[in-house]
Amino acid sequence: MAVKIRLKRMGKIRTPFYRIVIADSRTKRDGRVIEEIGTYNPKADPSIINVDGERAQYWLGVGAQPTEAVAALLKITGDIGGKNTMKFADEKRSKEDIFQEALKELHNEPKADATTKKAAAAKKAAAKADEAPKADEAKAEEPKADEAKAEEPKAEELKAEELKAEEPKAEEPKADEASADEAKA
C-alpha cells in the first residue's frame, strides 16, 4: 500500500482550511484517512501551520511520500531540511492590557489637559478672557462704522426728497387727461 502525506480540504467555498493527513494514495482527496498530523490555514496573515513533528518524522521514516504542497509546508516548519523558517504573527494585546496602558497615560498627563468638568469650565473661562481684549479692540473700531451710518441717512433723505419731487410730475399728466376729457364732453 502506497501511503501519502497530503492535504485534506476543509472550510467554506472561499475560505479554505486544510488538514495535513496520512492517507492511502488510492483514496479520494477528502476521503478516509489513516491519521491527522496537523493543520494549515492559508487565509490567516501570516499563514498558520501546525504540524506534529514527531508523527511527521515517523511517517516519513516508514516510507510515506509527501505531496509537493505538504513538502513545502514541512520545509517551512523545519521537519524536512532541518531549518525552521516559519514566521509568527505578533501577539495580540488583551483588552485589559490596552485599558491599563490608557489609564497610565491618563494619569501621566499634565493637569492643564485634564478633561474633568471643572477643568473644561476653567479652559472656557480662560478662552473668554483671551477674547475680551479682542472684543474691546473691535468696540473701539465700531464708532468709525457708526460715523459711516450717520452719513447714510443723509443719502436716504435725498432719495426721499427726489421721490417727493417726482410725485407731482406723476399727478400733472392726470390733470391733463382730466382737462382733455372735459374738452371732449
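Read in order, the letters of the sequence shown correspond to residues 0 to 184 in numbering that gives the first Met the number 0.
Where a beta carbon is used, it is the ideal one built from N, C-alpha and C, also for glycine.
Just so we're clear, the structure is a prediction, and the values are computed from it rather than from any experiment.
Give the straight-line distance between the Cα atoms of Ala120 and Ala128, rounded to the nearest whole angstrom.
12 Å
Report the three-state DSSP secondary structure of Thr76 (helix, strand or coil).
helix
Counting along the chain, where does the alpha helix (DSSP H) carrying Glu53 start and finish?
Gly52 to Gly60
Under 9 Å, do Ile48 and Ile36 count as touching if we go by C-beta distance?
no
Between Ile19 and Ala55, is the Cβ-Cβ spacing less than 9 Å?
yes
For Pro15, which residues in the same chain have their Cβ closer than 8 Å to its Cβ, ignoring the five residues on either side in sequence?
Arg8, Met9, Pro41 and Lys42
Could you name the residues of the same chain whose beta carbon sits closer than 6 Å to that of Ala144, not counting the 5 residues immediately before and after it, in chain order?
Because the pLDDT at Ala144 is just 49, under 50, the model does not fix this residue reliably, and the value given afterwards should be weighed accordingly. Same-chain partners within the cutoff: there are none.
Comparing C-alpha positions only, which one of Glu34, Gln64, Glu67 and Ala125 sits nearest to Asp51?
Glu34
With a 10 Å radius around its C-beta and 16 neighbouring C-beta atoms as the bar for buried, classify Arg5 as buried or exposed.
buried
Looking at the strands, I want to know which residues DSSP matches up with Gly30.
Note: Gly30 sits in no beta bridge, so no partner.
Can you tell me the Cα-Cα spacing of Ala113 and Ala70, whole angstroms?
Reliability fails at Ala113, whose pLDDT of 49 lies under 50, so the model's placement of it is uncertain and the value that follows must be treated cautiously. Whole-angstrom Cα-Cα distance: 59 Å.
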